[in-house]
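Novice: Heads up: the sequence shown is residues -19 to -1, 1 to 398, going by mature numbering (1 follows the signal peptide of the UniProt record, and there is no 0). Glycine included, C-beta positions come from ideal geometry on N, C-alpha and C. Being a predicted model, the structure only gives us computed values, none of them experimental. Please find one structure pasted underneath; my questions will follow.
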Amino acid sequence: MKKLFVSLLFCGLGFTAVAQKAKVNSADENLAGNKLDEAKADIEAALQHEKTKDDAKTWYVKGKIYEALATKNKSAGDAIVAYESFKKALEIDPKLKEAILEMQNRMFNVYATVGNAGYGQLNEQKWDSSYVYFQKAFEIQDYYNGKDLGGSIPRDTAMVFYAGYAANQAGKKDDAFKYLKQAADLKFKAEPALYVVLAQQYEERGDNANWIATIDSAKVLFPNDKRFNEMEMLYYSKTGKTDELMGMMEKKVQENPNDFGLQLDYAIRLDNVANPRDEKGADLPKPANYDELMNKAEAAYKKALELKADDATANFQLGALYFNRAVAFNKELNGMDSKQQSSAKAKELQTKVEELMNQSLPFFEKADAGFTAAGSNLEASDKRTYESCLYALQKIYAIKSMNDKVEATKKKLEALQ
């Protein structure tokens, strides 16, 4: 009896194993018939049994079923299950015949489904989850391409860029830099934002050589995108390349003669180059071409005022140009000893001071009127400019003994505090 019992037991085990292999086959057949729910139930049953749970074909069929579910439902979750199942199948049998014959299309479908989920999250501005899906898509691609199964999934340069973009938006700067640089190396040309963000990354890293190289590449690829001209000017400004900066700005104002904002910005930059200051605001030595720069700045301010005569800032800036030159001549005059004070040179300086003060006055007064008209709508930076304007007016009025205006200006200053 004991022998018979054992024999019967072995027969039972053999039958169960055959039954479970039949489950794998029926799962495959149901998949072929597009009966995905039945196929899923069959394969999960097979995976619960000792005889089939570690079989490469079982895992491969599971991968096929979940690939079909992922494709049908556009489900990244099912696609990832398919990927893990295919991995398991190849781990058990690296030379699985079916995998060699058909894995490329299946793995591409899995990769594409996960990648598309990344795009979907990107469109909803869900940056973190978008980046996670893109990373997973690259993992799937790299895994398959590293298996030498007779095919490969090509790199999608757009996905590389958008992975970098999503990472950047999610605050993952180092990850973003890796993918953005890779996209640029792959010559991705569809989206100028790649070069905007990558240039900003190089700027933040203090890599000036690659910062300007990225801008140069972008200008070739996107010649009509004005952002890269602005970025080039920013580069020249921040790296102290004033000759290049002013050359670019001069060309720009010539091309856009009626752009008030550009004209005023050009004038201010010329003024600043002519009157350099250190980080604490102290005056630095004047450049050798100081007079040339100041004459250009004066002409540019006047051009700006031709375009917008009542602009408070432009009027203030031109008034300040004359006023500051008067202050410089007055400083030179005060540096003379008593004997020199009666010289022809002193008289010449005194005349220049008075003329420049007189020139500055109407522009300061027009600026005063403009700032006053703005009232409570003045921004913080405009308030500081207005304050400087009033201090200059107060000084000019005092020199001219216009005491009533000195008092009126004093009250305006007090009201600004």
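Cα-Cα, which of Gly132, Tyr112, Lys153 and Gln150 is closest to Met140?
Specialist: Position 159 of the sequence shown holds residue 140. Nearest option by C-alpha distance: Tyr112.
Novice: Could you name each continuous alpha helix (DSSP H) segment of 4 residues or more that falls completely within the segment 190 to 258, going from the start of the chain to the end?
Specialist: Here the runs fully enclosed are 208 to 219, 223 to 236 and 241 to 255.
Novice: What distance in whole Å lies between the Cβ atoms of Ala60 and Val95, which are believed to be in contact at a cut-off of 8 Å?
Specialist: Counted from its first residue, the sequence shown places residue 95 at position 114. Counted from its first residue, the sequence shown places residue 60 at position 79. Correct: roughly 5 Å between the Cβ atoms.
Novice: Beta carbon of Ala285, beta carbon of Leu245: below 8 Å?
Specialist: The residue given as residue 285 occupies position 304 in the sequence shown. The residue given as residue 245 occupies position 264 in the sequence shown. Contact flag set, yes.
Novice: Please report the straight-line C-alpha distance between Met338 and Ser218, rounded to a whole angstrom.
Specialist: One-based indexing of the sequence shown puts residue 338 at position 357. One-based indexing of the sequence shown puts residue 218 at position 237. Rounded to the nearest angstrom, the two C-alpha atoms are 31 Å apart.
Novice: Where does Glu395 sit, in a helix, a strand or coil, going by DSSP?
Specialist: Taking the first residue of the sequence shown as 1, we reach residue 395 at position 414. Helix, per DSSP.
Novice: Of all the options Lys232, Trp192 and Thr353, which has the alpha carbon lying nearest to the alpha carbon of Tyr216?
Specialist: Residue mapping note: residue 216 aligns to position 235 of the sequence shown, counting from 1. Minimum Cα-Cα distance from Tyr216 among the listed residues Lys232, Trp192 and Thr353 corresponds to Trp192.
Novice: Strictly by DSSP, which residues pair up with Asp291?
Specialist: Taking the sequence shown and counting its residues from 1, the one referred to as residue 291 is at position 310. According to DSSP, which records beta bridges pairwise, Asp291 is partnered with nothing at all.
Novice: Assuming Ala269 is part of the alpha helix (DSSP H), what are its boundary residues?
Specialist: Taking the sequence shown and counting its residues from 1, one reaches residue 269 at position 288. Where Ala269 is concerned, there is no enclosing alpha helix (DSSP H), given that its DSSP letter is neither H nor E.
Novice: How is Asp59 classed by DSSP in three states: helix, strand or coil?
Specialist: What you label residue 59 is simply residue 78 of the sequence shown in a count that begins at 1. In the three-state DSSP reduction, Asp59 falls in the helix class (H, G or I).
Novice: Start and end of the alpha helix (DSSP H) containing residue 429?
Specialist: Examination of residue 429 is not possible in this model, given that the chain is present from -19 through 398 alone.
Novice: For the alpha helix (DSSP H) holding Ile134, just list the boundary residues, first then last.
Specialist: As a position in the sequence shown, residue 134 is number 153, starting the count at 1. Segment: none, Ile134 is in no alpha helix (DSSP H) and carries neither H nor E.
Novice: Is the segment 87 to 105 touching the segment 136 to 155 in the sense that three or more CB pairs, one from each, lie closer than 8 Å?
Specialist: yes
Novice: Please state the DSSP three-state secondary structure of Ala354.
Specialist: Against the sequence shown, residue 354 aligns to sequence position 373. Here Ala354 sits in helix by DSSP.
Novice: Going by DSSP in three states, Lys78 sits in which element: helix, strand or coil?
Specialist: Within the sequence shown, numbered from 1, the residue matching residue 78 stands at position 97. Of the three classes helix, strand and coil, the one that applies to Lys78 here is helix, per DSSP.
Novice: What does the alpha-carbon distance come out to for the pair Tyr125 and Ser66?
Specialist: Along the sequence shown, one-based indexing puts residue 125 at 144. Along the sequence shown, one-based indexing puts residue 66 at 85. Answer to the nearest angstrom: the Cα atoms are 13 Å apart.
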